[in-house]
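Colleague: In the working numbering, the protein residues as written are 278 to 587.
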């Protein structure tokens, strides 16, 4: 949908011509690697956060320190790899969807030596930014690997570029969270090494920070998907089919009702998920005993001679 390939148009209709080209389209390897690394970071910080919470609450079992250490090592290695993959993905996007990059960077007019905007409030109506906080030439350096490189502005894509404000800030949330995950994992691993790999010496504020970042991976991933999907607009298939051409004819009230039901359902599922995680983290002995009891009922010989059950 972003870099369509392997299709043909016959009598105004799209047909699959080569499924290998469709699947392995020009952006596939970059998106695939980027998503796998994002999922890996999400898992790593889930391990870090839950283990840190158990240590803070004084309910940690012997495995908690090992799990926390594994999460820190995994995150410390994965975070820089994700940044490298993200850079390649950005260059691929610049090649195939330059209007998305222009919106991400808040660039309205084509320019050389474009600055990187750390903060701004883009306005689609006035086609300008308010309260800019720029770093001179950094956007060109990152995207063109040349401080004087040219970046196309949104003026090059009249009526064919995504809404700027949500894209601009979704990207900064994603990148900002990623940088924070990198710093936290590196500082945590360094501090753990300095303390002789003894988590009892880890400062409580640092453990609290770990616990507070339990779901950081989800935040970054969701923000990244906002960048991806909002960035494709106004097309449903980039450059070929506009979203307006395939919009549903269902009444807007029905769509709003369906959306409200979905949102309510997923909020409930999210609350249940977090609640179960919290219970299992704070009562690991009961959670483990419950699992072992069920397994023992299914196979009484499973724990024979291991001392789990008297």
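For every residue, glycine included, the Cβ atom is placed at its ideal position computed from N, Cα and C.
According to DSSP, is residue 422 helix, strand or coil?
Modeller: In the structure shown, residue 422 sits in coil (DSSP, three-state: anything other than H, G, I, E or B).
Colleague: Taking the straight line between their C-alpha atoms, what separation do you get for residue 431 and residue 472?
Modeller: Computed Cα separation, rounded: 51 Å.
Colleague: Measuring straight from C-alpha to C-alpha, what distance separates residue 455 and residue 361?
Modeller: Cα-Cα distance, rounded: 12 Å.
Colleague: With a floor of 4 residues, list each alpha helix (DSSP H) that falls wholly inside the region 469–508, ordered by position along the chain.
Modeller: Listed in chain order, they are 481–489, 493–507.
Colleague: May I ask which residues mark the beginning and end of the alpha helix (DSSP H) holding residue 340?
Modeller: Where residue 340 is concerned, the enclosing alpha helix (DSSP H) stretches over 340–373.
Colleague: Could you say if the region 450–466 and the region 347–364 meet the contact criterion of at least three C-beta pairs nearer than 8 Å?
Modeller: Touching, yes, given that three or more Cβ pairs across the two stretches are closer than 8 Å.
Colleague: Using DSSP with H/G/I as helix, E/B as strand and the rest coil, what is residue 405?
Modeller: Correct three-state label for residue 405: strand.
Colleague: With C-beta atoms as the reference, is residue 376 less than 8 Å away from residue 443?
Modeller: Not closer than 8 Å, so no.
Colleague: Hey, residue 429 and residue 390: beta-carbon distance below 8 Å or not?
Modeller: No. Outside cutoff.
Colleague: Which value, in whole angstroms, describes the spacing of the CA atoms of residue 287 and residue 485?
Modeller: Taking the straight line joining both Cα atoms gives about 60 Å.
Colleague: Per DSSP, residue 439 forms a beta bridge with which residues?
Modeller: None; residue 439 has no bridge partner.
Colleague: Thinking C-beta only, is residue 445 closer than 8 Å to residue 380?
Modeller: Their beta carbons are under 8 Å apart, which means residue 380 touches residue 445 by this criterion.
Colleague: Just to check my reading of the structure: residue 324 and residue 348 have Cβ atoms closer than 8 Å, yes? What is that Cβ distance to the nearest angstrom?
Modeller: At roughly 3 Å, the Cβ-Cβ gap stays under 8 Å, so residue 324 and residue 348 are in contact.
Colleague: Are there 16 or more other CB atoms within 10 angstroms of the CB of residue 311, so buried, or fewer, so exposed?
Modeller: It is buried - the Cβ of residue 311 has at least 16 other Cβ atoms within 10 Å.
Colleague: Which partner residues does residue 399 have in the DSSP bridge list?
Modeller: For residue 399, which the question treats as bridged, DSSP gives the partners 406.
Colleague: Assign residue 296 to one of two classes, buried (16 or more other C-beta atoms within 10 Å of its C-beta) or exposed (fewer than that).
Modeller: Residue 296 is exposed by the Cβ-count criterion.
Colleague: Which residue from 371, 447, 511 puts its Cα closest to that of residue 304?
Modeller: When only C-alpha atoms are compared, the closest one is 371.
Colleague: Distance check for residue 524 and residue 434, CA to CA, integer angstroms please.
Modeller: Each residue's alpha carbon lies about 22 Å from the other.
Colleague: Where does residue 526 fall in DSSP's three states?
Modeller: Here residue 526 sits in coil by DSSP.
Colleague: Measuring only the C-alpha atoms, how far is residue 555 from residue 493?
Modeller: Roughly 16 Å separates the two Cα atoms.
Colleague: Taking DSSP's pairing of strands, which residues face residue 292 in a bridge?
Modeller: Residue 292 is bridged to 285.
Colleague: Grab me the residues of residue 522's own chain with a C-beta within less than 8 Å of its C-beta, minus the 5 sequence neighbours each way, in chain order.
Modeller: Hits under 8 Å: 513.
Colleague: Nearest chain B C-beta to residue 333 closer than 8 Å, yes or no?
Modeller: Here chain B cannot be found, since the structure has a single protein chain.
Colleague: Suppose you measure from the CA of residue 588 to the CA of residue 466; what does that come to, to the nearest Å?
Modeller: Residue 588 cannot be examined here, being either before or after the span of the chain that is shown, 278 to 587.
Colleague: Is the beta carbon of residue 359 closer than 8 Å to that of residue 315?
Modeller: Yes, these two residues count as a Cβ contact at 8 Å.
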